Amino acid sequence: MTKIFETPLYPYRRSPDQDAMPCARHPVVVIGAGPIGLAAAIDLAQQDVPVVVLDDNDKVSFGSRAICFAKRPLEILDRLGCGDAMVEKGLTWNVGKVFNDKRETYRFDLLPEGGHKRPAFINLQQYYFEEYLVRRVRELEEQGKPIEIRGRNKVSALSDNGSFVRLEIDTPEGAYNLEADWLIACDGANSPTRRMLGLDFVGKVFEDNFLIADVIMQADFPTERWFWFDPPFNRGQSALLHKQPDNVWRIDFQLGWDIDREEELKPENIDRRLRAMLGQDIEYELEWTSIYTFQCRRMEKFRHGRVLFAGDAAHQVSPFGARGANSGLQDTDNLCWKLKLVIAGKAPETLLDSYSDERTYGADENILNSTRSTEFITPKSEISRIFRDAVLDLAVHYDFARPMVNSGRLSVPCTYDESVLNGPDDPALPKRTRPGAPAVDAPLDGGWLLDRLGGRFQLLLIGADGPESLTESGVEIEVLRLDPAKNPELGSRFLGDAPGAIYLLRPDQHIAARWTAWDERATRAAIRRALGKE
Ligand SMILES: Cc1cc2nc3c(=O)[nH]c(=O)nc-3n(C[C@H](O)[C@H](O)[C@H](O)COP(=O)(O)OP(=O)(O)OC[C@H]3O[C@@H](n4cnc5c(N)ncnc54)[C@H](O)[C@@H]3O)c2cc1C
5 MTKIFETPLY PYRRSPDQDA MPCARHPVVV IGAGPIGLAA AIDLAQQDVP VVVLDDNDKV
65 SFGSRAICFA KRPLEILDRL GCGDAMVEKG LTWNVGKVFN DKRETYRFDL LPEGGHKRPA
125 FINLQQYYFE EYLVRRVREL EEQGKPIEIR GRNKVSALSD NGSFVRLEID TPEGAYNLEA
185 DWLIACDGAN SPTRRMLGLD FVGKVFEDNF LIADVIMQAD FPTERWFWFD PPFNRGQSAL
245 LHKQPDNVWR IDFQLGWDID REEELKPENI DRRLRAMLGQ DIEYELEWTS IYTFQCRRME
305 KFRHGRVLFA GDAAHQVSPF GARGANSGLQ DTDNLCWKLK LVIAGKAPET LLDSYSDERT
365 YGADENILNS TRSTEFITPK SEISRIFRDA VLDLAVHYDF ARPMVNSGRL SVPCTYDESV
425 LNGPDDPALP KRTRPGAPAV DAPLDGGWLL DRLGGRFQLL LIGADGPESL TESGVEIEVL
485 RLDPAKNPEL GSRFLGDAPG AIYLLRPDQH IAARWTAWDE RATRAAIRRA LGKE
């Protein structure tokens, strides 16, 4: 049977743009049909912003790449119309276990609280993830939305001319030029766009190697994340096990720095490692194996004139914590509503600088967490190793040591605490829903709160009085009246002890400002601020 990653999902087709004279101009061009470029394009097209995606390939990603997708990106994907497909195919998990040698040292539940539509995580192969995004693109095309993917269109040169970007594109039928008012570069870790603009990263490379094997086998481990320090089957190193759909298991073996890559990748050596871990009698088939090292780094700014960087092109982290694609989706969620308002002339171009500010802040949080995990997993000095081993021993018996065990702090949503777009806060209200935070989900009238939020500015009147409708600076604000008496989790998550509250939400479901009583002047000022106008 042909696997999805072997099938051209967006084969090359000649575009009229290849014969256009003068060359065609599009409002937005996205480079890269990886998870982040596809998400950006879907988001824009859903909002009727015309978008063209260029990719040098015509298939979804292959090889061992992302498998863990977190709650916040799933909530974003719900808004993009593909959350259900992913959650149905993916394997849901909330629990992780950490072993030291053969002993369970620590166990965590990433979603101990009920009343959320989405789980803490699903495991799903990146090739399925991208397939569902491509399917969503096709659905939008059928609905007449302005979206197009061009396979085997490789961007080979570009220049930012101030008011537009000019691209040179290679295809199987020769080269052509295209212009874009705005360019979103989602062309991955080696981003040719970054290179062509002479831009670089700040950050560091970690000196360690990990062998990844995606193994097809029947096994009865539970759907949990299992992480071992110093297991008998990989002495002095670590290992990680995750279940994926279709009986595929992701196994990571830490190898150390000074290794012979070719030797390690020989089937007999991989077989020896797998049998030591899973038992001599195990029957399995290998889907893929690879050895990777990693880097924790980001670009200094994600906006360079008319070029906006997102996903791995803008930042990279180690896979411990599953923060790569998960944070890239938060990039596009942050960017697309701003770009739409700028294109519509309803917000100044400087609003796009807040994209860079908010998402470099998010990237720093991810890099910090990812670096700390990496340093714990692969201690680089004798003293760090002694500390690490002491924490692991203590964690078996003492609660205080458990939070110090760091086998990867898994992706959580970013709260833009220092954003210039944030308006007033009322400290009487719960901390978790403060300005800058994404709205927390809650059961609402038999459905889910987050299914009612996003895609536009909204004013939530939660047990509070307020206007019937509101328009500010040409932007219509949707007013939603929500009843905390009928929806107790809504009350506890958004009101705390206050009798009522008013929340201003951005189109990416992040909270912009909140009050305990209606104040028209303050609300209008907060909207202008969230539009980058104050
Ligand atoms: C081992 C491993 C495990 C991981 N696990 C996780 C995980 O569990 N969870 C998680 O969230 N993340 C994980 N990641 C990270 C995740 O895979 C990446 O963050 C994600 O793929 C980034 O998506 P992207 O769209 O930014 O870039 P990419 O997926 O790299 O896509 C870039 C696209 O740009 C195209 N392109 C490049 N150059 C050009 C050009 N000149 N012209 C046209 N097109 C071009 C490429 O063909 C490609 O389609 C993991 C990564 C690895 C390596």
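For the sequence shown, our numbering assigns the number 5 to the initial residue and increments by one for each residue that follows.
Glycine included, C-beta positions come from ideal geometry on N, C-alpha and C.
As the structure is a computational prediction, the values presented were derived from the model and not from experiment.
Start-to-end residues for the beta strand (DSSP E) that takes in residue i
| i | result |
| --- | --- |
| Gly-100 | 99-104 |
| Leu-486 | 479-486 |
| Ile-540 | With the chain represented from 5 up to 538, any question about residue 540 goes unanswered, as that position is not in the structure. |
| Trp-230 | 229-233 |
| Asp-113 | 107-113 |
| Ser-163 | 158-164 |
| Arg-154 | 151-154 |
| Glu-476 | 474-476 |
| Val-55 | 55-58 |
| Leu-13 | Leu-13 -> no beta strand (DSSP E), and no H or E assigned at all. |
| Phe-324 | From DSSP, Phe-324 is part of no beta strand (DSSP E); its letter is neither H nor E. |
| Val-311 | 311-313 |
Boundaries of the alpha helix (DSSP H) in which residue i is found, first to last residue
| i | result |
| --- | --- |
| Ala-1 | Summary: the structure shown does not reach residue 1, with the chain confined to residues 5 through 538, and so no result is reported for it. |
| Arg-497 | 492-498 |
| Arg-533 | 524-534 |
| Ala-50 | In the sequence on display, residue 50 carries Gln and not Ala. 39-50 is the extent of the alpha helix (DSSP H) around Gln-50. |
| Glu-266 | 265-268 |
| Ile-274 | 271-282 |
| Arg-198 | 196-200 |
| Ile-371 | 355-381 |
| Val-91 | 87-93 |
Beta-ladder partner(s) of residue i, from DSSP
| i | result |
| --- | --- |
| Gly-178 | Thr-175 |
| Trp-452 | Pro-447 |
| Phe-73 | Ile-126 |
| Asn-213 | Gly-260 |
| Tyr-507 | Leu-464 and Arg-518 |
| Lys-247 | Trp-253 |
| Phe-404 | Answer is none; Phe-404 lacks a bridge partner. |
| Lys-208 | Cys-300 |
| Trp-186 | Val-32 |
| Val-346 | Val-346 is not bridged to any residue. |
| Ser-167 | For Ser-167, which the question treats as bridged, DSSP gives no partner whatsoever. |
| Ser-307 | For the record, residue 307 in the displayed sequence is Arg; it is not Ser. Per DSSP, Leu-312. |
| Gln-320 | Arg-301 |
Other residues of its chain near residue i: CB distance less than 6 Å, five sequence neighbours each side excluded
| i | result |
| --- | --- |
| Phe-125 | Cys-72, Ala-74 and Trp-97 |
| Met-281 | Phe-237 |
| Asp-337 | Ile-80 and Asp-512 |
| Pro-77 | Asn-330 and Leu-333 |
| Asn-426 | Pro-439 and Gly-440 |
| Arg-29 | Glu-183 |
Other residues of its chain near residue i: CB distance less than 7 Å, five sequence neighbours each side excluded
| i | result |
| --- | --- |
| Arg-229 | Trp-97, Gly-100 and His-246 |
| Asp-234 | Asn-104, Asp-105 and Gly-240 |
| Glu-476 | Arg-528, Ile-531 and Arg-532 |
| Ala-526 | Pro-428 and Trp-519 |
| Ile-220 | Asn-251, Val-252, Tyr-288, Glu-289 and Glu-291 |
| Gly-593 | What the structure shows of the chain is the stretch from 5 to 538, and residue 593 is not part of that stretch, so it cannot be assessed. |
| Asp-316 | Gly-192, Ala-193, Gly-328 and Gly-332 |
| Tyr-354 | Reading the sequence as shown, one finds Thr at residue 354 and not Tyr. Answer for Thr-354: Gly-536, listed in chain order. |
| Pro-442 | Arg-76, Pro-417, Gln-513 and His-514 |
Cutoff 8 Å; reference residue i; Cβ partners in own chain excluding five residues on either side
| i | result |
| --- | --- |
| Thr-227 | Leu-95, Thr-96, Trp-97, Asn-127 and Lys-247 |
| Met-90 | Phe-73, Leu-78, Leu-81, Ile-126, Leu-128, Tyr-132, Phe-133 and Tyr-136 |
| Glu-524 | Pro-471 |
| Gly-467 | Leu-486, Asp-487, Pro-488, Ala-489, Gly-495, Leu-499, Pro-503, Gly-504 and Ala-505 |
| Gly-207 | Gln-299, Cys-300, Arg-301, Arg-302, Gln-320 and Ile-371 |
| Leu-433 | Phe-498, Leu-499, Gly-500, Ala-502, Ala-505, Arg-518 and Thr-520 |
Ligand 3 heavy atom lying under 7 Å from the CB of residue i
| i | result |
| --- | --- |
| Ser-19 | Ligands in the displayed structure: ligand 1; ligand 3 is not one of them. |
### Query
Any chance the region 60-67 sits against the region 8-21, with 3 or more Cβ pairs inside 8 Å?
With the cut-off at 8 Å, the region 60-67 and the region 8-21 touch.
### Query
Counting pairs of Cβ atoms below 8 Å between the region 531-538 and the region 506-520, do you hit three or more?
Yes, since at least three Cβ pairs between the region 531-538 and the region 506-520 fall closer than 8 Å, the two stretches touch.
### Query
Are the region 28-41 and the region 125-138 touching by the rule of at least three beta carbon pairs closer than 8 Å?
Result yes; three or more Cβ-Cβ pairs closer than 8 Å.
#### Entry: At least three beta-carbon pairs within less than 8 Å, the region 23-35 to the region 188-200
Yes, the region 23-35 touches the region 188-200.
### Message
Whether or not the region 298-311 and the region 360-372 are in contact is what I'm after, with contact meaning three or more pairs of Cβ atoms, one per stretch, closer than 8 Å; do they touch?
### Response
The region 360-372 vs the region 298-311: in contact.
### Query
Quick one: any contact between the region 42-52 and the region 165-179, if contact means 3 or more CB pairs under 8 Å?
A contact is defined here as three or more CB-CB pairs under 8 Å, and the region 42-52 fails this definition with respect to the region 165-179.
### Message
Tell me whether the region 468-482 and the region 401-412 touch, counting them as touching only if at least three CB pairs, one residue from each stretch, are closer than 8 Å.
### Response
With a cut-off of 8 Å, the region 401-412 and the region 468-482 do not count as touching, because too few Cβ pairs lie within range.
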